[in-house]
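Chains as they are written, first to last, in the working numbering: chain A, 1 to 303; chain B, 304 to 623.
A virtual CB, placed ideally from N, CA and C, is assigned to each residue, including glycine.
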């Protein structure tokens, strides 16, 4: 038996984990399950595609792929702009919708608003770009054998490395910086944090910026290794929630580990059960966690 | 003229089937504060259960017991209620938004199962030959539409009256007490978990019934009828009509379904045929924006919650 499915699982898992960091951060700091996060992923991927196209047009150049990869430097430049754009999109949505509802203080109304906003944003993407899949590159990648019968494309390796860098960066941000400390304080107790001199509104704004940018990165990774579709974020939503809850709400390493577990479980299911029930795996994991350890692997019991 | 009347009857029948789902959601969200995003899933369970019980034998799916429609509808309520009991038992003891995530998940899994468990559900082709009520009137289109409207209207009225009575009963008061202040309700010796589970199961059973009614009205069901768009529409109906108010659920359902049908007709005239699938996405955007606007500007919806205490105190109640 080939061990290919483990490599595939780790790839899917790192993508889910990257997305789940944003979910777990907004969940613990803003206090609600944000269904729009899936849409940040899809909007981020499309934003990168459009910006890369504009750069290509603006300079009138045909960009050659970099080395063994299917993508050129334009995508990498566009990725930076797209992450900024998605962060600002998250911020704009907070300004228009969530900040106003937050004043009423009912978290479940925010969940509902996020559910409605996600439907609207996804449908808007479908209107703008149709439901036909889009690709960053038409280059065909040759998978390289890396031993034990496992083959990985150069793109996949690049994405794994980039994901690892982002995850490590996030972990350091949360544990080592003043902003990270402020974020943890707000997630523990917003009123107390405010009394302690923390600008809660600023922390919330930065959380949205970071969450949006990470969602965009996850979208670009998914877009490069798979494809870009309006429903790409929606399909990742349940795995991301499962990963965030599995890892324990508020824990960045937990979200990543949860993502890897979800990814591995999915690829095991594809290998041993069949691809058609893949989407049910995240749900079964979610139910198992809620039954056995609702606080997740790294979570603490509430209150 | 008769065509218009027939269309109106068809429109109202569909709207009322959504109104039923909306009533179920109002019991869960409006009265008890339970956030269910799996409406499509519970409607699908009901529709499939009833279809399997009532279709003639020989279909490419499980069932085909050729039972009367009424048995199918009862089976639909039982099946959806049972699914809700299992989900509720696992999630209702946890924080409120875990219910949202699990119901979101169950709707996806049910859709997946309907699509892939070919020998059980008929797969992507769905289930056809579902007996339609008053099929013997099918030759007279208008009479058929009106008879169906009367039937669905009757069921909706029955559920509406039953829920109105429940809301004013001691049971309904406990639900609202739990929603408003769980600690206080607990200290009065009310078992919050059990009441929540009861409301969740009953609401989902009503959604299952509504799904079954839709299936029998059309005569055909398929997995793509149960995408998250239905859930979204029913939520929009309740928010716009006014959550916590059964009349609001009815008004919202008819209004939103009316807007949906009108905007659908408008899209057909504005956009060329090859663009229409694309344009249909704009309808959802519009409903989403409308729902967000209502949440921001008029969170009570059109009618708002009715202050209800007890049916013995009707004189002293007013809008709250």
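Could you say if the segment 257-270 of chain A and the segment 2-17 of chain A meet the contact criterion of at least three C-beta pairs nearer than 8 Å? yes
### Query
Going along the chain, which residues of the segment 393-406 of chain B sit with their C-beta nearer than 8 Å to a C-beta in chain A?
For the segment 393-406 of chain B, which is checked against every Cβ of chain A, the residues closer than 8 Å are 393, 394, 397, 398, 399, 400, 401, 403, 404, 405.
message: Give me the subset of the segment 285-296 of chain A whose CB atoms are less than 9 Å from a CB atom of chain B, sorted by chain position.
response: 286, 287, 290, 291, 294
Next on the checklist: Just to make sure I have the definition right: I need the residues of chain B whose C-beta is within less than 7 Å of the C-beta of residue 111 of chain A. Which are they?
Outcome noted: 338, 400, 403
Quiz item: Roughly how many angstroms separate the alpha carbons of residue 107 of chain A and residue 34 of chain A, rounded to a whole number?
Solution: 10 Å
Next item on the list: Could you tell me which residues DSSP puts in a beta bridge with residue 294 of chain A?
Entry: DSSP output for residue 294 of chain A lists no bridge partner at all.
| request: Using only alpha-carbon positions, find the residue among B/397, B/439, B/567, B/536 that is nearest to residue 343 of chain B. | output: For residue 343 of chain B, the nearest C-alpha among the options comes from B/536.
*Could one say the Cβ of residue 303 of chain A lies closer than 8 Å to chain B's Cβ atoms, at least one of them?*
Low per-residue confidence applies at residue 303 of chain A: pLDDT is 34, beneath 50, and the placement is therefore not dependable enough to give any value.
Task: residue 562 of chain B at chain A interface by Cβ criterion, 8 Å - done: no
**OP:** Taking residue 462 of chain B as the query, report the chain A residues whose CB atoms sit under 9 Å from its CB, ordered along the chain.
**Re:** Residues of chain A passing the Cβ test: none, with the nearest at roughly 23 Å.
Does any CB atom of chain B fall closer than 8 Å to the CB of residue 279 of chain A?
yes
- Task: Could you tell me whether the segment 465-476 of chain B touches the segment 433-451 of chain B, using the rule of 3 or more Cβ pairs below 8 Å?
- Result: no
Chain-ordered neighbours of residue 276 of chain A on chain B, where CB pairs are closer than 8 Å = 415, 418, 419
Review point. Among all the DSSP beta bridges, which residues are the ones paired with residue 151 of chain A?
Key: A/145
I want to see whether chain B comes within less than 8 Å of residue 100 of chain A, judged by CB atoms only; does it?
yes
*Contact set between the segment 120-149 of chain A and chain B, restricted to residues whose Cβ is under 7 Å from the partner*: 120, 123, 124, 126, 127, 130
Worksheet item: What residues match up with residue 228 of chain A in a beta bridge as DSSP calls it?
Response: Per DSSP, A/134.
Q) Looking at C-beta atoms only, is the number of pairs between the segment 541-549 of chain B and the segment 384-393 of chain B that lie closer than 8 Å three or more? A) no
Exercise for review: Excluding the 5 residues preceding and the 5 following residue 190 of chain A in the sequence, name in chain order all residues of the same chain whose CB lies nearer than 6 Å to its CB.
Suggested key: 200
Contact with chain A by residue 588 of chain B, beta-carbon distance below 8 Å:
Yes, contact with chain A.
With a threshold of 8 Å, are at least 3 pairs of Cβ atoms found where one atom belongs to the segment 221-241 of chain A and the other to the segment 41-51 of chain A?
yes
Item to complete: To the nearest angstrom, report how far apart residue 514 of chain B and residue 451 of chain B are at their CA atoms.
Response: 15 Å
Would you mind sorting residue 292 of chain A into buried or exposed? The rule is 16 or more other CB atoms within 10 Å of its CB. Here residue 292 of chain A is exposed, its C-beta having fewer than 16 other C-beta atoms within 10 Å.
Practice item. Verify whether the separation of the beta carbon atoms of residue 605 of chain B and residue 554 of chain B is less than 8 Å. Key: yes
* **residue 430 of chain B - partner residues in DSSP beta bridges** => B/524
- Give the residues of chain B in contact with residue 97 of chain A, contact being defined as C-beta atoms less than 9 Å apart. Under the 9 Å cutoff, chain B gives 595, 598, 599.
Checklist entry - the segment 203-217 of chain A: which residues have C-beta closer than 9 Å to a C-beta of chain B, in chain order? => result none
Any alpha helix (DSSP H) of 4 or more consecutive residues that is wholly inside the segment 209-255 of chain A:
Listed in chain order, they are 232-247.
### Task
Using the Cα positions of residue 115 of chain A and residue 439 of chain B, report the straight-line distance between them to the nearest angstrom.
43 Å
If we count the other Cβ atoms within 10 Å of its Cβ and call it buried at 16 or more, is residue 132 of chain A buried or exposed?
exposed
Checklist entry - How many Å lie between residue 310 of chain B and residue 322 of chain B at the Cα? => result 18 Å
**Q.** The alpha helix (DSSP H) enclosing residue 421 of chain B, as first and last residue numbers
**A.** Under the DSSP assignment, residue 421 of chain B falls in the alpha helix (DSSP H) whose first and last residues are 421-424.
Margin query: So, for residue 533 of chain B: in the same chain, excluding its five sequence neighbours on each side, which residues have a beta-carbon less than 7 Å away from its beta-carbon?
Written below: In the same chain as residue 533 of chain B, and ignoring 5 residues on each side of it, the C-beta atoms closer than 7 Å to its own belong to 342, 343, 346, in chain order.
Closer than 8 Å is the cut-off here; do at least three beta carbon pairs connect the segment 493-506 of chain B with the segment 412-431 of chain B? no
- Message: Please state the DSSP three-state secondary structure of residue 302 of chain A.
- Response: Its pLDDT being 47, under 50, residue 302 of chain A is placed unreliably by the model, and the measurement read from it follows with that caveat. If DSSP states are grouped into helix, strand and coil, residue 302 of chain A belongs with coil.
*Is there a Cβ from chain B that is less than 8 Å from the Cβ of residue 3 of chain A?*
Not closer than 8 Å to any Cβ of chain B, the Cβ of residue 3 of chain A fails to qualify, so no.
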